[in-house]
Amino acid sequence: MTMEMKDSGSVVLTAYHPHNPARIPRMEQSFVQDIPSSHSPTSRKSLPRCRRINRMLSNESAPPPAFSRSNSQASMDSTSMEDFWCEVESIKESSEDGSEEATLLEFKPADEGELEAEWLQDVGLSTLISGAEEEDGQALLSTLTRTQAAAVQKRYNTYTQTLRKKNKHTVRDVRDIFGTNDSSPTFETVPVSPVPSNGIQLPGQKPVWKSVSSNSCLDCGLNKGSPSVTEELSYEVSFSESITVLPKTQEWPKPQRFKKEDSALPKFIVRKSRFGLTEVGDLSPEDMKKIRYLSLIELTAFYDALGVELKRNRAERVRGRENGLFGVPLTVLLENDQKKVPGVKVPLIFQKLLLKLEETGLETEGILRVPGSASRVKNLHQELEAKFYEDTFDWDQVRNNDAAGLLKMFIRELPSPLFTVEYLPAFITLVEKISKIKLQLQALHLLIMLLPEANRDTAKAFLQFLKKVVANEGKNKMNLWNVSMIVAPNLFIYKGKRANQQEMQAAATTAHIVRLLIRYQDILWTVPSFLISQVRKMNEAAMNNSKRQLMFDKGVRKLLRRKTMERERPERPEGAITFPPYLQSDIPEGVIRVYAPLHSKVSMAIQLNSQTKAKDILARFHCENSRSSSQNMRGQTQSLHEIGGNIGQHCLDPDAYMLDVYRANPQAEWVIKPKAS
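Here my numbering = 1-based position in the sequence shown + 453.
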C-alpha cells in the first residue's frame, strides 16, 4: 500500500526494495503496455530491453508516453538515460531470480493533524503537544529566527486547529507559546542581518562574515571544462532568511532539461569565517542531535519561503534481520560490528567492498555499469554471509564487476533506504520545484544534516568512493553523469502501483540528485555555522533555565535561609557569593590554558591575539614536545578541541582564529587530543 500524493506535480519515491512476486504484481508487464501499438512485437524483441524502454521516451522513435508530466518535471534526452534503464532492468532481473530477499516498505495514511504532530516531535518540540514546560523545548524556541519561528507556528496552528475540530482535549494557544497578545503574532527571535540574493553580498554592503586568505576556502565543482564564474556560499546567515522574494506559483520555471556535461554544474566555494569550517564529525552526538532539530525547522522554513510544500512519507517500521550482512538495518549491523571493532561508524562489509573496488576496480572500464555474473554474485552473497565474520572469505576470487554488484545489492537490501523513506519526497521536490542549482544545493545540504548518524556516515563513505570512480574517468570511461545514472535506481526506485510510470518521470531527477551529491559532497558534509550558533544559544538558554530553576527551588531556598540564620554573619552582604580560591585569581583577558594529556608537557597557558590560530597552538605544543614525544601520540593526528561552556565538544578547524572562538565561549576548556575518525 502506498500513500498517494494529492497534487499531480509531485512524484512519490522510496528506495528500491526487492519484492516478493507473490505479493506485488510483476513490473515487467506494464512496460509492454506503454509501448505504442505501431511497434510490432518483432521490433521489440530485436532490441535489448533497456533500449526499448529508452526508445519509448524518445521523441524521434515513438510518440510521447501516455502519462503527462507536471510543469516542473525535470527531463532529459532519452539517449542520455540509456544507462539508467539498463540498470533498472538489471535490478529487476536480480530480484526475479531470487538472489535478493523480499523486503517491502508499506505506508499507512496519516490522520488529519498527525503529520504536524510528528513534525513537532521530530524537531524536539514534543512539549508543545504534551503541554509540559520542558527546558529543552523552551531553549530551542528561544533560538529561532523569524522564518523558523513562523514555520513552527504554522505547523502548531494546523495541529491545534485539527485537535479542536476533533474535540480531543484542550490545547495551548499559539499566542501563549510565542508570547503574543493578538492574532497577528510577532516573534522574539534571533536577529539576522539582511542578505539579498540568497546569501550573496552585494557591493557597498557590510559583510556578514569576515573572509580570510583566498586559499582558505572549501572549493567544489572545479573540473576541466568547468565555467569560469564562481559563486560563493555563506553559512553565516540562515538560508530561509536569505530568501528575499517569494516566487509565485505561476512563475515556476518550465520543464527543466538537464545538461549531462559536467561543465553545466557551477563552481561553488565556501569562504572560511574566522571560526573556520566544521565537519559533521567535529561535533558531539548531543549537539548533532540539536543540529538535526534545527535543520528540519530550517528546511521547512526554507521550503515555505520558496512557496514549496515539504512532503514526507509516513512508513510502517519494517523489522529487518538481526544478524548477517545483507538486509540488516544499519544500526543493528553497526552494533554487531562494534563488538568486533569498537567505534566503527560504517558497516565492515560495506567498507570491505569499497576497499576491494578502490584497490583493484577504479580503472576497470565500465565499473558499476557493466553487471557481474548473476550466478556468481548470488554465490558470493551466500558465501559472505557464512564466512565474513570468521575472516575465512577469499576476496581474491571476487571480480571487480561482481564486487560492484554486491555493493549495489547491499544498498538495495537495506530495510530502510539510505536516505530515509520519510524524506525521499523532499529530495525529489528540491529538483522538481526548485530550478536554481544554488537553492537545490542549500535544500540538499539541510537534508543531509537531517540523516541519522549511521545513514550519514555510510552515505559519505559511498559518495567518497563514487568521487574516486569519476576521477578515473580517463581509464574506466565513467564520467559523473554515467555514475549518477547507475547509482540513482539503486537509491531512489519507487515500488508500488504505477511503478514504471513513476520511474520514467523521475529518472532524470534522481540522476541529477546523485550528481549533486557526488560533486558537492565536501560542502554537504560541512555543518552551516548559523546552525552551530543556534546550538550555542540553545545550550546557553538551557543552562540559564537550569540556574533559575535551582535558585527558585523551594528546598534550596529553605536550606539557604536556615544556613544564613545559623551563621549570622552581618558583615557579609546578603546574596554575596564566595568563589573557590582557584577562581578568585585574576585571569588576564585573552589567556587560555590548553591541556594536552598525551604530550609530555600536559598544559600550557597561551596569550591569544587577533591572529592566533588553532594550528599555531598545535605547532607550539609540537615544538615543546618534539624532543620527548610521547609514545601514545605517535602516528596520531592531534587537533584542538573546545569542550564545555555553550558547546558539548567541538573539534576546531586548524584555521580558526582562537580569540574569536574564545570570546564566543569563554567558559570552555581547551584540549589537544586525536580527532575522532
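Where a beta carbon is used, it is the ideal one built from N, C-alpha and C, also for glycine.
Are there 16 or more other CB atoms within 10 angstroms of the CB of residue i, so buried, or fewer, so exposed?
i, result
"glutamine 974", "buried"
"cysteine 539", "buried"
"threonine 845", "exposed"
"lysine 913", "buried"
"aspartate 849", "exposed"
"lysine 792", "exposed"
"glutamine 601", "buried"
"leucine 808", "exposed"
"arginine 1116", "exposed"
"alanine 941", "buried"
"aspartate 847", "exposed"
"serine 1145", "Residue numbering for the chain in the displayed model covers 454 to 1130; residue 1145 lies beyond these limits and cannot be assessed."
"proline 824", "buried"
"tyrosine 1110", "buried"
Helix, strand or coil: how does DSSP classify residue i here?
i, result
"isoleucine 1125", "strand"
"methionine 931", "coil"
"glycine 796", "coil"
"threonine 580", "helix"
"tyrosine 1115", "helix"
"tyrosine 1110", "strand"
"arginine 972", "helix"
"threonine 1120", "The residue you asked about is not threonine; residue 1120 is glutamine in the sequence shown. Three-state result, glutamine 1120: coil."
"tyrosine 746", "helix"
"glutamine 1064", "coil"
"glutamate 818", "coil"
"leucine 411", "Given that the chain is displayed from residue 454 to residue 1130, the structure contains no residue 411 and the question cannot be resolved."
"phenylalanine 779", "coil"
"aspartate 847", "coil"
"alanine 827", "helix"
"phenylalanine 640", "Legend: pLDDT at phenylalanine 640 = 39, less than 50; position of this residue unreliable, no value from coordinates given."
"phenylalanine 872", "coil"
"valine 541", "helix"
"glutamate 1077", "helix"
"proline 878", "helix"
"isoleucine 696", "coil"
"proline 942", "helix"
"glycine 1043", "coil"
Tell me the rounded alpha-carbon separation between residue i and residue j.
i, j, result
"leucine 833", "glycine 796", "28 Å"
"alanine 754", "isoleucine 696", "10 Å"
"isoleucine 1125", "threonine 731", "17 Å"
"threonine 598", "glycine 1097", "25 Å"
"leucine 883", "proline 800", "29 Å"
"serine 687", "glutamate 739", "25 Å"
"glutamine 1091", "proline 905", "27 Å"
"aspartate 1069", "leucine 736", "21 Å"
"valine 922", "asparagine 1078", "41 Å"
"lysine 990", "asparagine 997", "10 Å"
"glutamine 606", "alanine 570", "12 Å"
"proline 756", "leucine 837", "Note that residue 756 is tyrosine in the sequence shown here, rather than proline. Taking the straight line from one Cα to the other gives about 44 Å."
"serine 888", "valine 785", "38 Å"
"serine 982", "lysine 618", "41 Å"
"leucine 1112", "serine 1063", "6 Å"
"alanine 1067", "leucine 749", "31 Å"
"valine 988", "alanine 856", "42 Å"
"arginine 724", "glutamate 689", "10 Å"
"leucine 616", "leucine 573", "14 Å"
"glutamate 1122", "leucine 787", "32 Å"
Look up residue i in the DSSP assignment and give the residues it is bridged to.
i, result
"serine 1056", "Tyr1048"
"threonine 731", "Val980"
"leucine 1094", "The question names leucine, but residue 1094 in the sequence shown is histidine. Its beta-bridge partners are Cys1104 and Val1124."
"leucine 686", "Val723"
Closest by CA to residue i, which one among the options?
i, options, result
"lysine 1128", "His1094, Lys805 and Glu762", "His1094"
"valine 851", "Leu806, Glu843 and Lys891", "Leu806"
"lysine 930", "Phe728, Pro878, Asn908 and Gly814", "Gly814"
"glutamine 917", "Ala960, Val967 and Met938", "Val967"
"arginine 767", "Phe863, Val874 and Val1055", "Val874"
"glutamate 535", "Ile939, Asn1099 and Tyr746", "Ile939"
"lysine 545", "Asp855, Ile971, Leu1112 and Ala827", "Ala827"
"leucine 759", "Lys720, Ile802 and Phe692", "Phe692"
"isoleucine 864", "Asn854, Ile802, Ile881 and Glu775", "Ile802"
"alanine 592", "Gly577, Leu787, His898 and Glu684", "Gly577"
"leucine 1051", "Asn932, Ile744, Thr962 and Leu1071", "Leu1071"
"isoleucine 976", "Leu581, Gln1120 and Phe721", "Phe721"
"proline 878", "Arg765, Glu818, Thr979 and Ala907", "Arg765"
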